[in-house]
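Everything on this sheet refers to the single structure shown next.
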Amino acid sequence: MSASAAAEGAAMSPTANGNGNGTGVIHDIGYRSYEGQRLGRGAIGRALTWHSLRSAFGLRRGVKAKIIPVITFVILCAPAVVNAAAVALSGNHVRQISYDTYVPSLRIVVMLVFLAAQAPELVSRDLRSHTLPLYFARPIRRIDYPVAKLTAFFLACLIMLEIPLLLLYLGTVAQVHGGSAVWTETRALIPGLLLGAAWALVLASLGLLVASFSGKRAFATGGVAVFFFLTFTLASLLTHIGLNSFGHAALGAPSALARLAGLISPFTVLDGLRQWLGGTTVGQIPNPGSLGPAYGLAFLVFLLIGIGGLILRYRKVGVA
Amino acid sequence: MTAQHAVRANGPGGGPRGPARGVVIEANALTKRYQGSVNALDQLTVVVEPGVTGLVGANGAGKSTLIKILLGLLEPTSGTAAVLGHDSATDGAQIRTLTGYMPEHDCLPPDVTATEFVTHMGRMSGLPPTAAKERAADSLRHVGLYEERYRQIGTYSTGMKQRVKLAQALVGDPRLLLLDEPTNGLDPAGRNQMLDLVARIGAEFGISIVVASHLLGEIEQICDHLVAIDSGRLLRADTISSVTQVSEVLLVEVEEGTELLAAELARRGLATVAQQRGLLIQLAGEQTYDAVRDAIADLGMPLNRMEQRRHRLEELFRDEAVPGALEPAATRTGAADVG
Chain E
162 MSASAAAEGA
172 AMSPTANGNG
182 NGTGVIHDIG
192 YRSYEGQRLG
202 RGAIGRALTW
212 HSLRSAFGLR
222 RGVKAKIIPV
232 ITFVILCAPA
242 VVNAAAVALS
252 GNHVRQISYD
262 TYVPSLRIVV
272 MLVFLAAQAP
282 ELVSRDLRSH
292 TLPLYFARPI
302 RRIDYPVAKL
312 TAFFLACLIM
322 LEIPLLLLYL
332 GTVAQVHGGS
342 AVWTETRALI
352 PGLLLGAAWA
362 LVLASLGLLV
372 ASFSGKRAFA
382 TGGVAVFFFL
392 TFTLASLLTH
402 IGLNSFGHAA
412 LGAPSALARL
422 AGLISPFTVL
432 DGLRQWLGGT
442 TVGQIPNPGS
452 LGPAYGLAFL
462 VFLLIGIGGL
472 ILRYRKVGVA
Chain S
12 MTAQHAVRAN
22 GPGGGPRGPA
32 RGVVIEANAL
42 TKRYQGSVNA
52 LDQLTVVVEP
62 GVTGLVGANG
72 AGKSTLIKIL
82 LGLLEPTSGT
92 AAVLGHDSAT
102 DGAQIRTLTG
112 YMPEHDCLPP
122 DVTATEFVTH
132 MGRMSGLPPT
142 AAKERAADSL
152 RHVGLYEERY
162 RQIGTYSTGM
172 KQRVKLAQAL
182 VGDPRLLLLD
192 EPTNGLDPAG
202 RNQMLDLVAR
212 IGAEFGISIV
222 VASHLLGEIE
232 QICDHLVAID
242 SGRLLRADTI
252 SSVTQVSEVL
262 LVEVEEGTEL
272 LAAELARRGL
282 ATVAQQRGLL
292 IQLAGEQTYD
302 AVRDAIADLG
312 MPLNRMEQRR
322 HRLEELFRDE
332 AVPGALEPAA
342 TRTGAADVG
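Chains as they are written, first to last, in the numbering used here: chain E, 162 to 481; chain S, 12 to 350.
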């Protein structure tokens, strides 16, 4: 509660009204009409986005709402902090973690937890408490609601993915000397940031879409977790089979199965996209090679399903 | 009292703003057909004027459908509607800026405080941050929530929740309030408080109100005008007084000898209908009172009660509700459930 609200609350309380009898009901202050500025659709959408972004991190909510976002954020930042210490202590000042993959397995697990816990926070609550008719009875249009939620969750995922990258960058450049060394680091960082944005777009849109199918938090959380975990497990398993059963060591190139299995899961599609675009760090799947464009296409398809699906979902959602 | 006489209190900075002029709602041959079912609205043509208007009909008569079409939440199958001069098909955003909506069903998140929620809804109505805070505090005070507004909504009673729903409709300073069954789930005391609140908002705040209800007694209690719909069709649209003063009856109760009195009145040319403890007599002016007085005086009976009554709204929904026809049900009092 802000100070002004508190002051007003005190001023308006019955006992402070001078009635003195404690039962004073203040009905006679009269109605004040509002003649001030009214914001348009765009500004209302931005207000909803900001409100949703805060709720993605449990801000202005109880302690319980903050537990998972804070813990996941701290875990994701930890490798960057470790890197900063390692760079400072080691003699050659070499960065230990790649910008474009960060720490892949940790990133996947932690983002999965974040998505499963926080996507329902943004969309399932309004479904559960039937608040949507109140939004749709206001000046915004139907499409503004999913767009605001998506923007907010995209930004939330971006914070989760890219603050660690920036910490990694700062921890490294603090120890290197000379403009060219800093420029080298900066050039290495940029693809990492772009890939982070691609991650945030795909994960946020698919996460919200799955969560928006249930107003019950447990179901929404379970749905998001199962979707991301199951597809990732399946993709990893098939990749593993493809690598081991078709003797990639002998031929020097992974089999088609190993190179295609990654198309199943958003996480591996993002990894395939990274390798297709020139990423060289070893990732979750083998380099797709000539099948790289398939990963580019799969990225767009996932994006289309996530964003398009969410917009369609809110076109249909009942207020009748 | 009607809203036409309402004086709007002007706050600091607020210029004078009279009650809404002209027509508030205009529906023209409005039809809504849900897939594979009967018409929810069927060629409904109605005009709603400023003031407090009751939208009455049984459950499923099409009240909620009409409200949602007016807000642009639903598209009509055919026909047009205008709210405050704006076409609902093309100018929905403008209508929704000027209109506050209180849905029938629960629509409140349990885990935020009323202040936070109403402030957020004020922001969603297009108010800047500071104005949203101020108006949220004002609205909650107007509906009678004081210290409680800093508590989570989940801890509220049904009556308090209904007040929060009303406050969020009020927060954007609307010209028109659409209230869908505002007394839903309330006990009789809470019901009366809510009705008083609605009447007060209509009279003192200068806001036009449409109250949808299936309870005729409520409509009669607080509304100036009445729109009755049944199966999506307009049954009647008129002022409350003209609807209820179609014909008046006199209820006479005597200690004992009701039949004797009935016979005496019949001798004097007055038809009567026996009711639980009394007689109903069609009122035809002063001479009816005189005749009853004389009859009772001649018989030497102690008179317990003599009371003028109006026909009640519920007769609108009766086939036999022909003006002048005297039915025992004509004097049933209180809120009658038509559903």
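Virtual Cβ for every residue (Gly too), placed ideally from N, Cα, C.
Which chain E residues sit within Cβ distance under 8 Å of Y112/S?
-> P294, L295 and A298
Would you list the one or two residues that DSSP bridges to I220/S?
-> V63/S and L188/S
Between A38/S and chain E, is there a C-beta pair that is closer than 9 Å?
-> no
Which bits of chain E does R107/S rub up against, with CB to CB less than 9 Å?
-> F297, A298, R299, P300 and I301
Helix, strand or coil for L399/E, going by three-state DSSP, please let me know.
-> helix
Is Q105/S helix, strand or coil by DSSP?
-> helix
Mind listing, in chain order, the continuous alpha helix (DSSP H) runs of no fewer than 4 residues lying wholly within the stretch 332–413 of chain E?
-> 340–372, 378–406 and 409–412
Less than 9 Å separating the beta-carbons of Q179/S and V129/S?
-> yes
Could you spell out the range, first to last residue, of the alpha helix (DSSP H) harbouring D305/S?
-> E297 to L310
For a contact meaning CB atoms closer than 8 Å, what does L119/S contact in chain E?
-> S290 and T292
Do the stretch 273–290 of chain E and the stretch 380–391 of chain E meet, that is, are 3 or more Cβ pairs less than 8 Å apart?
-> yes
Taking contact to mean at least 3 C-beta pairs separated by less than 8 Å, is the stretch 323–332 of chain E in contact with the stretch 425–439 of chain E?
-> no
Report the residues of the stretch 163–187 of chain S with a CB closer than 8 Å to any CB of chain E, ordered along the chain.
-> Q179, G183 and D184
Cα-Cα separation between G470/E and P114/S, rounded to whole angstroms = 27 Å
Looking at the structure shown, is S259/E part of a helix, part of a strand, or coil, going by DSSP?
-> strand
Name the residues in the stretch 240–251 of chain S whose C-beta lies less than 7 Å from a C-beta of chain E; which are they?
-> none
Are there 16 or more other CB atoms within 10 angstroms of the CB of P449/E, so buried, or fewer, so exposed?
-> buried
C-beta atoms of L434/E and A359/E nearer than 9 Å | yes
Listed by chain order, chain E residues near E86/S by CB distance under 7 Å = What E86/S touches in chain E: nothing, since even the nearest Cβ is about 11 Å away.
Report all residues from its chain with a CB closer than 7 Å to the CB of A306/S; omit the five preceding and five following residues, and keep chain order.
-> L272, E275, L276 and R279
Just the Cα atoms here: how many angstroms apart are Y157/S and A223/S?
-> 27 Å
Return helix, strand or coil for D149/S, following the three-state DSSP convention.
-> helix
If you draw a straight line from the alpha carbon of Y45/S to that of L226/S, how long is it in whole angstroms?
-> 25 Å
Segments assigned alpha helix (DSSP H), at least 4 residues, entirely inside the stretch 224–252 of chain E = 224–250
Identify whether S426/E lies in helix, strand or coil by the three-state DSSP scheme.
-> coil
Could you tell me the distance, in whole angstroms, from the CA atom of A381/E to the CA atom of W211/E?
-> 22 Å
Counting pairs of Cβ atoms below 8 Å between the stretch 282–292 of chain E and the stretch 117–124 of chain S, do you hit three or more?
-> yes
Could you list which residues in chain E have their beta carbon closer than 7 Å to that of L82/S, in chain order?
-> A298
Can the beta-carbon of R215/E be found less than 9 Å from the beta-carbon of R221/E?
-> yes
Proximal residues of chain E, C-beta to C-beta of M317/S below 7 Å | Result: empty, since nearest Cβ-Cβ is about 37 Å, beyond 7 Å.
Expressed to the nearest angstrom, what Euclidean distance is found between the alpha-carbon atoms of V112/S and G83/S?
-> Position check: residue 112/S holds Tyr in this sequence, whereas Val was assumed. About 12 Å.
Nearest-angstrom Cα separation, counted from I212/S out to L188/S | 10 Å
Applying a beta-carbon distance threshold of less than 7 Å, which residues of chain S neighbour H212/E?
-> H131
Would you say V10/S reaches chain E, if we count a Cβ-Cβ gap shorter than 9 Å as a contact?
-> No answer is possible for residue 10/S: it lies beyond the span of chain S, which begins at 12 and ends at 350.
Which residue or residues does DSSP assign as beta-bridge partners of G111/S?
-> L188/S
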